[in-house]
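Take 52 as the starting number for the sequence shown in the working numbering and just add one per residue.
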Amino acid sequence: MRQPHGYQPPCWRAPVHLPSPGEVSISTLLSLPQAQRTGLRTGPRSGPRRAWAGPVAAWTAGRALLLAAVLGLLPFARQDVSSDVKVIYQGWAQLLATGTFPLDDVTWQYPPLAALVMLVPSWLPWSYFTGFLVLVAVCDALVLGLLLRAARRGGRSAGAWLWAAAVPLLGPTAYCRFDLVVTAVAVAGLLAAGGRPRLGGALAGLGALLKVWPALTLLGTPRGPRTRDAWTAAAVSGLAVCFCCAVTMVGGFSFLGFQEDRGVEVESLGALPFYAAHLFGWGGRAEMHYGSTEFLGTGVRAVGLLILACTLAAFGWLLLWRVRARRWTPATPFDAALAALLLFTVTSRVISPQYLVWLIGAAAVCLASAGTTQRPTAWLIAAATLCTYLEFPLLFGQLAEFRPLGVLVLCTRNLLLATAATVSCRRLWRATVHQKSG
């Protein structure tokens, strides 16, 4: 259509109270409210960087001290706890390289995929001990990265802070056991399960074949398709690994018999009655047995059966919670995983120091979520971690000799863990089962 002579097409102009696209003048910015001025900034934001900088700096400083302690460079950390890696793990790796699991070694009490963790350091271009430290440090950094990523995606940086600060409280043991590797897999599975349940379930299945406890991370998945997807993926990944181990190696499931024969270890909650009984003339003793220092004597078997009954009762409570739970939030799977892990830790016949790495990882995932109910639990776990370092390796020799200081520190640690489990379960139940008033 022809336009009249001298016609000019209309030019779009922004309303007087809004800037034209790409034209944000200083006078316009000053005339806008603070909220709108913030939204119009186009430069790089420094807030997220500052949020990352603190945990990363704390992690770097803490791990430098941790490695110095592992290498015996610190005057207050002369206790050598690296023999498990230098002697036991390396010996296992040499045997596993031949295609056979340690069939006659009662200290081999791990699912078959743990063999991969033992073998990896021997494939790296360093000594076995150095390769192991590199593997653990990489997994440690991976957990920090996952927690920071969760914070950037709407979560909180408290989880990264807890991980950075609490792991060094455990002392050299944190880097001289392979539990950091297992925790990295479990943390990745927990954080992935919210948006990608199949991936989260597959990682939980793989983690369960490293050490059984990562299977507990699936207990809090919401009912419906997400639970079916996650649990199916866990079963498929677990069965696939089991099949591969069965057809390629010998004795992949020998660990089951070794676990069954374990007694009451001197660091468990079940040990506390024997410390009390010793004051009244109990004649038992503590000796190395099935890979750990256990009590031998009258009543030990009965207490072991009682601990097993407590474990079954804990499992029953978790099933009851899952049936009764009515409200799920994005944080509920994390909170349930921490509660389940605490229950199975305090009702275990063995509470080795490295178990605290699992609890720190699960608590850090909880704190990375804005809606978690487990903040008090995380503080209790951090305090228990510090007590654990005092108990092992510093005062461990006193436990076998029933000396008061070591026993007092152990009792404090165990009571903190028992309190943490109680608080965790209570807060989980109240947040998901109890109906809100009004």
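All C-beta atoms, glycine included, are put in the ideal place defined by N, C-alpha and C.
What you are looking at is a predicted structure, and each value in this text was computed from that prediction instead of being measured.
{"Query": "8 Å contact criterion, which Leu-213 and Ala-421 should meet: CB distance rounded", "Result": "That belief does not hold up - the Cβ atoms of Leu-213 and Ala-421 are roughly 15 Å apart, past 8 Å."}
{"Query": "Given Ala-148 as reference, the closest of Val-168, Val-157, Pro-162 once Cα atoms are compared", "Result": "Val-168"}
{"Query": "Beta-carbon contacts of Pro-273 that lie in its chain and below 6 Å, excluding the five residues immediately before and after", "Result": "Trp-379"}
{"Query": "Check whether Arg-313 and Thr-483 have beta carbons under 8 Å apart", "Result": "no"}
{"Query": "beta-carbon Phe-306 near the ligand SAH non-hydrogen atom, thresh 7 Å", "Result": "Questions concerning the ligand SAH fall outside what the structure shown contains, since it holds no ligand whatsoever."}
{"Query": "Of the residues Gln-141, Leu-363, Ala-297, Gly-342, the one placed nearest Trp-177, counting alpha carbons only", "Result": "Gln-141"}
{"Query": "Cut-off 7 Å between Cβ atoms - residues of its own chain near Phe-180, not counting five sequence neighbours on either side", "Result": "Ser-133, Val-136, Lys-137"}
{"Query": "Residue of Ala-217, Ala-382, Arg-464, Cys-438 minimising C-alpha distance to Gly-246", "Result": "Ala-382"}
{"Query": "Beta-carbon proximity check, Phe-325 vs Thr-362, cutoff 8 Å", "Result": "no"}
{"Query": "For Arg-352, the residue or residues it bridges with in DSSP", "Result": "None; Arg-352 has no bridge partner."}
{"Query": "Identity of the residue in Ala-144, Trp-174, Val-351, Ser-173 nearest Pro-163 by Cα", "Result": "Ala-144"}
{"Query": "C-alpha distance - Arg-400 paired with Glu-442, whole-angstrom precision", "Result": "17 Å"}
{"Query": "Cβ shell of Val-287 (< 8 Å), same chain only, five flanking positions each side left out", "Result": "Ala-253, Gly-256"}
{"Query": "Per-residue DSSP class, three states only, for Thr-398", "Result": "coil"}
{"Query": "Bridge partner(s) assigned by DSSP for Met-339", "Result": "Thr-344"}
{"Query": "Proximity winner among Ala-202, Thr-398, Ala-120, relative to Cys-227 (alpha-carbon distances)", "Result": "Ala-120"}
{"Query": "Beta bridge counterpart(s) of Glu-316 as assigned by DSSP", "Result": "Glu-345"}
{"Query": "Gln-141 - containing alpha helix (DSSP H), residue span", "Result": "141-147"}
{"Query": "Of the residues Ala-284, His-485, Leu-323, the one placed nearest Val-460, counting alpha carbons only", "Result": "Leu-323"}
{"Query": "Pairwise C-alpha distance: Cys-190 and Ala-211", "Result": "14 Å"}
{"Query": "At least three beta-carbon pairs within less than 8 Å, the stretch 467-478 to the stretch 421-436", "Result": "yes"}
{"Query": "Spatial distance of Val-16 from Tyr-406 (CA atoms)", "Result": "The shown model of the chain, from 52 to 489, leaves out residue 16, and the question about it has no answer."}
{"Query": "Distance, Gly-258 Cα to Gly-303 Cα", "Result": "16 Å"}
{"Query": "Local conformation of Val-287 per DSSP, three classes", "Result": "helix"}
{"Query": "Three-way DSSP call (helix, strand, coil) for Val-218 in this model", "Result": "helix"}
{"Query": "Residue from Pro-265, Phe-346, Gly-105 with nearest C-alpha to Ala-387", "Result": "Pro-265"}
{"Query": "Residue span of the alpha helix (DSSP H) that contains Cys-227, given as start and end", "Result": "Cys-227 -> no alpha helix (DSSP H), and no H or E assigned at all."}
{"Query": "Test item: CB-CB of Thr-268 and Ala-237 under 8 Å", "Result": "yes"}
{"Query": "Helix, strand or coil at Thr-151 according to DSSP, with G and I counted as helix", "Result": "strand"}
{"Query": "Gly-342 and Thr-158 closer than 8 Å at C-beta", "Result": "yes"}
{"Query": "Where Val-157 sits in the DSSP three-state scheme", "Result": "coil"}
{"Query": "Extent of the continuous alpha helix (DSSP H) to which Met-300 belongs", "Result": "Here Met-300 belongs to no alpha helix (DSSP H), and DSSP marks it neither H nor E."}
{"Query": "Top-ranked residue by Cα proximity to Leu-186, from Gly-105, Val-233, Leu-250", "Result": "Val-233"}
{"Query": "Length of the line joining the Cα atoms of Arg-96 and Phe-447", "Result": "Reliability of the predicted coordinates at Arg-96 is poor, the pLDDT of 46 falling under 50, and no value is obtained from them."}
{"Query": "Cα-Cα separation between Leu-437 and Leu-410, rounded to whole angstroms", "Result": "13 Å"}
{"Query": "Start-to-end residues for the alpha helix (DSSP H) that takes in Arg-207", "Result": "It is not in any alpha helix (DSSP H) - Arg-207 carries neither H nor E in the DSSP assignment."}
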